[in-house]
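K.L.:
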Amino acid sequence: MKKSRTNNPDALSTRLHYPGDEQRLPWLPLLLDAYAMADEGVALAIRNEEKRRRQRLACGKSCGSCCEHQKDLPLFPHELVGIYWYVLEKVGASERKILKDRLGERTADSPCPFLFDGSCSIHPMRPMGCRQFNVFGQPCAPGEDPYYTRRGDVLTPLADYTDRAFAAVIPFYELEETDPAAAIRLIRAQIMNLQTFDWGKLAGNM
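Here the numbering used here is used: the sequence shown runs in plain steps of one and ends on residue 186.
1) Which one or two residues does DSSP pair with valine 22 in a beta bridge?
2) Let me know if glutamate 59 comes out buried or exposed under the rule of 16 or more other beta-carbons within 10 Å of its beta-carbon.
3) Roughly how many whole angstroms lie between the Cα atoms of proline 6 and proline 104?
4) In whole angstroms, give me the CA-to-CA distance for alanine 161 and leucine 155.
5) Which of helix, strand or coil does DSSP assign to proline -11?
6) For my contact list, leucine 135 and alanine 25 are in at a C-beta cut-off of 8 Å; report their separation, rounded to the angstrom.
7) Closer than 7 Å by C-beta to isoleucine 63: which residues in its own chain qualify, once you throw out the five before and the five after it? Chain order, please.
8) So isoleucine 164 and phenylalanine 152 are in contact, right, with Cβ under 8 Å, and what is the actual spacing, rounded?
9) Give the single residue among Arg144, Gly132 and Cys120 whose Cα lies nearest to the Cα of cysteine 43.
10) Within its chain, find whatever has a CB closer than 7 Å to the CB of proline -11; leave out the 5 residues flanking it on each side and keep chain order.
11) Straight-line CA distance for proline -1 to asparagine 173?
12) Per DSSP, what kind of secondary structure is phenylalanine 146 in: helix, strand or coil?
13) Compute the Euclidean distance between the alpha carbons of asparagine 114 and aspartate 1, then round it to the nearest angstrom.
14) Taking DSSP as the reference, what is the three-state secondary structure of valine 115?
15) Determine the direct distance from the alpha carbon of aspartate 81 to that of histidine -3, and round the result to whole angstroms.
16) Would you mind giving the Cβ-Cβ distance between methionine 17 and alanine 148, rounded to the nearest angstrom? I have them listed as a contact below 8 Å.
17) Between which two residues does the alpha helix (DSSP H) carrying threonine 129 extend?
18) Taking cysteine 100 and cysteine 47 to be in contact with their CB atoms under 8 Å, please state how far apart those CB atoms are, rounded to whole angstroms.
Printed below as a string of structure tokens:
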């Protein structure tokens, strides 16, 4: 895996590269472009909000509170394909064994199955909803979903960057709709929930 700055030399995010896989999988460059765009928007929104608030983001390394307690984590078909690929081809054998057991045993109250010791085991392929969920003020209390308890502390993503991230994956869906805005609406309508998704098929392929 390689990292590079986006086309903008002042970019706030990096675009991941998997050269061999990107040649083999036509959808992968689209997904990587989309995530780079989403990350750019998140970084810019955080920078702007930190200046406005005059305080740093409350989220920090190894903070997995949202992965443990949130019950509504948006997931889209193009992101699902990325997760399948990453788990089956990139996750190490020992982690994959643990993950397979977790996927088979999870319940409605289980944390995100991809959370290992406070870190995301599919971090390069984590969905856009996970990338965009950031909190100011103070770290989340145990069991807290700040989206409901203190919405004002939750980062509002930049809509333009979010739309551009969805636009990057339009070819994945092979839609007949030619209007980009309408195509994005069709993609958004296919939203799923990572926490309630049936991961049994993935576990069966591991």
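For every residue, glycine included, the Cβ atom is placed at its ideal position computed from N, Cα and C.
Since we're looking at a predicted model, the values are computed, not measured.
P.N.:
On the basis of the supplied data:
1) By 1-based counting over the sequence shown, the position of residue 22 is 42. None; valine 22 has no bridge partner.
2) Taking the first residue of the sequence shown as 1, we reach residue 59 at position 79. It counts as buried.
3) For the purposes of this step, residue 6 is taken as residue 26 along the sequence shown, with counting starting at 1. For the purposes of this step, residue 104 is taken as residue 124 along the sequence shown, with counting starting at 1. Using only the alpha carbons, I get a separation of about 18 Å.
4) Looking up residue 161 in the sequence shown gives position 181. Looking up residue 155 in the sequence shown gives position 175. If you take the alpha carbons of alanine 161 and leucine 155, they lie about 12 Å apart.
5) Counting from 1 along the sequence shown, the entry for residue -11 is found at position 9. In this prediction, proline -11 scores a pLDDT of 49, lower than 50, which makes its location untrustworthy; the coordinate-derived value is nonetheless stated afterwards. Correct three-state label for proline -11: coil.
6) For the purposes of this step, residue 135 is identified with residue 155 of the sequence shown, where counting begins at 1. For the purposes of this step, residue 25 is identified with residue 45 of the sequence shown, where counting begins at 1. About 6 Å separates the two Cβ atoms, so the contact holds.
7) Sequence index remark: in the sequence shown, residue 63 carries index 83 (1-based). Closer than 7 Å at the Cβ level, and outside the excluded window around isoleucine 63, lie Ile102 and Met105.
8) On the sequence shown, position 184 is the one that residue 164 refers to. On the sequence shown, position 172 is the one that residue 152 refers to. Contact flag wrong, Cβ pair sits at about 12 Å.
9) If you number the sequence shown from 1, residue 43 lands on position 63. Minimum Cα distance to cysteine 43 is reached at Cys120.
10) Translated into the one-based positions of the sequence shown, residue -11 becomes position 9. Low local confidence applies: a pLDDT of 49 at proline -11 is under 50, so the model's placement there is unreliable, with the coordinate-based value given in what follows. Taken in chain order, the list of residues that qualify is empty.
11) Walking along the sequence shown from the start, residue -1 turns up at place 19. Walking along the sequence shown from the start, residue 173 turns up at place 193. Near 30 Å, if we compare the C-alpha coordinates of asparagine 173 and proline -1.
12) Indexing the sequence shown from 1 puts residue 146 at position 166. Phenylalanine 146: helix per DSSP, three-state reduction.
13) The sequence position of residue 114 within the sequence shown is 134, counting from 1. The sequence position of residue 1 within the sequence shown is 21, counting from 1. Computed Cα separation, rounded: 30 Å.
14) On the sequence shown, residue 115 is found 135 positions in, with the first residue counted as 1. Three-state DSSP puts valine 115 in a strand.
15) As a first step, residue -3 is located in the sequence shown; it is residue number 17 there, counting from the start. As a first step, residue 81 is located in the sequence shown; it is residue number 101 there, counting from the start. Approximately 30 Å, taken between the alpha carbons.
16) Mapped onto the sequence shown, residue 17 falls at position 37. Mapped onto the sequence shown, residue 148 falls at position 168. The Cβ separation is near 6 Å, so the contact holds.
17) On the sequence shown, position 149 is the one that residue 129 refers to. 126 to 129 is the span of the alpha helix (DSSP H), which, as asked, contains threonine 129.
18) If you number the sequence shown from 1, residue 100 lands on position 120. If you number the sequence shown from 1, residue 47 lands on position 67. That belief holds up - the Cβ atoms of cysteine 100 and cysteine 47 are roughly 7 Å apart, short of 8 Å.
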